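Student: Pasting in a structure now, in structure tokens, and then I'll have a few things to ask.
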Amino acid sequence: MGKENFKSKIRRKKDFLRRAPKKSPYETILIVCEGEKTECNYFRDLCKFHILNTANIIVMNGEGSAPISVVDHAIEMTEKTADIDHVMCVFDCDEHSTFNQATDKIRQYKPKRNSKSKPRYHVFTSTPCFEVWLLLHFIYSTKPFLKSKNKSAADNLVSHLRQHWSDYTKNHLSLFSALNEKLESAFKNAKKLARHNEDVNSKNPATNIHELVDRLVNLKHHERSIQPLKLWSVI
């Protein structure tokens with residue numbers, strides 16, 4: 000009986016290894032997002048839409064909404080996960096006291112000797128929140144979003160987004176596919192906004208999420224040695 004149980008366990012282990020997804024030849028990316036569902040839902044739907052290998056693209060929550068929580072979780076995961084090429088930390092600038100602490104930690108971070116991966120780290124942010132990127136699918140705007148008496152800056156932005164997308168909710172499971180037809184407009188508007196912000200030294204609204212989206216959408220066409228991302232980038 001004992002021998003049969005042992006053999007059964009061995010068979011199950013072999014079956015699991017056979018079923019485990021194999022990586023594709025393109026780079027392996029870990030995306031760590033804030034605690035809200037929005038960002039994770041968006042990037043998971045992007046991967047599903049473009050049939051990106053889930054063994055290559057890992058999307059997870061950062062165990063908290065504070066930027067430093069996202070960064071700490073990203074570092075923890077790469078230290079115990081092998082063969083990660085890039086780590087993408089995605090978080091908002093809205094009223095976060097640890098924003099500078101988080102970006103500084105990434106710039107100064109040096110992997111431990113026994114770390115399973117030694118990837119390149121990147122920061123992708125939005126001011127005041129991720130919905131800036133979603134809004135840019137509909138309109139180009141440089142209007143700053145600020146805190147009001149009863150609403151945060153992020154809440155005011157979401158209200159503005161719903162003027163253009165009435166059924167938007169933060170837990171929408173098909174964000175990317177729902178907006179895919181407007182993606183080229185979003186890229187154009189995001190690049191235009193980035194140029195405007197640089198010209199006038201503005202940071203609200205702002206986002207560089209389009210750089211990450213572009214990378215993922217074209218991932219299958221990139222070789223590992225071609226067009227490397229900058230070591231880190233931040234709004």
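Everything in the sequence shown is counted per numbering that gives the first Met the number 0, starting at 0 for the first residue and increasing by one. Just so you know, even glycine gets a beta-carbon here, dropped at the ideal spot from N, CA and C. All values derive from a computational prediction rather than experimental measurement.
Under the three-state reduction of DSSP, which class applies to Y120: helix, strand or coil?
Tutor: As a first step, residue 120 is located in the sequence shown; it is residue number 121 there, counting from the start. Y120: strand per DSSP, three-state reduction.
Student: Considering only DSSP beta bridges, list what M76 is partnered with.
Tutor: Against the sequence shown, residue 76 aligns to sequence position 77. DSSP output for M76 lists no bridge partner at all.
Student: Secondary structure at H49, three-state DSSP: helix, strand or coil?
Tutor: Your numbering for residue 49 matches position 50 in the sequence shown. In the structure shown, H49 sits in coil (DSSP, three-state: anything other than H, G, I, E or B).
Student: Taking the alpha-carbon positions, what's the C88 to N179 distance?
Tutor: Within the sequence shown, the letter at position 89 stands for residue 88. Within the sequence shown, the letter at position 180 stands for residue 179. C-alpha separation (whole angstroms): 23 Å.
Student: For a minimum of 4 consecutive residues, which ranges assigned as the alpha helix (DSSP H) are wholly contained in the stretch 155-204?
Tutor: 174-178 and 182-199
Student: Is the CB-CB distance between L174 and I56 below 9 Å?
Tutor: Residue 174 sits at position 175 when you count from the first residue of the sequence shown. Residue 56 sits at position 57 when you count from the first residue of the sequence shown. Not a contact, by the Cβ cut-off of 9 Å.
Student: For the structure I just gave you, are there three or more beta carbon pairs, one from the stretch 98-111 and one from the stretch 140-149, closer than 8 Å?
Tutor: no
Student: What does V86 pair with, by DSSP beta-bridge criteria?
Tutor: As a first step, residue 86 must be located in the sequence shown, where it is residue number 87. V86 is bridged to L29 and Y120.
Student: Have a look at the DSSP bridge pairing and note the partners of D91.
Tutor: What you label residue 91 is simply residue 92 of the sequence shown in a count that begins at 1. As DSSP reads the structure, D91 sits in a beta bridge with S125.
Student: So, helix, strand or coil for I138, using DSSP?
Tutor: In the sequence shown, the residue the question calls residue 138 occupies position 139. Coil, per DSSP.
Student: How do the stretch 115-124 and the stretch 151-160 stand: do at least 3 beta-carbon pairs fall below 8 Å, yes or no?
Tutor: no
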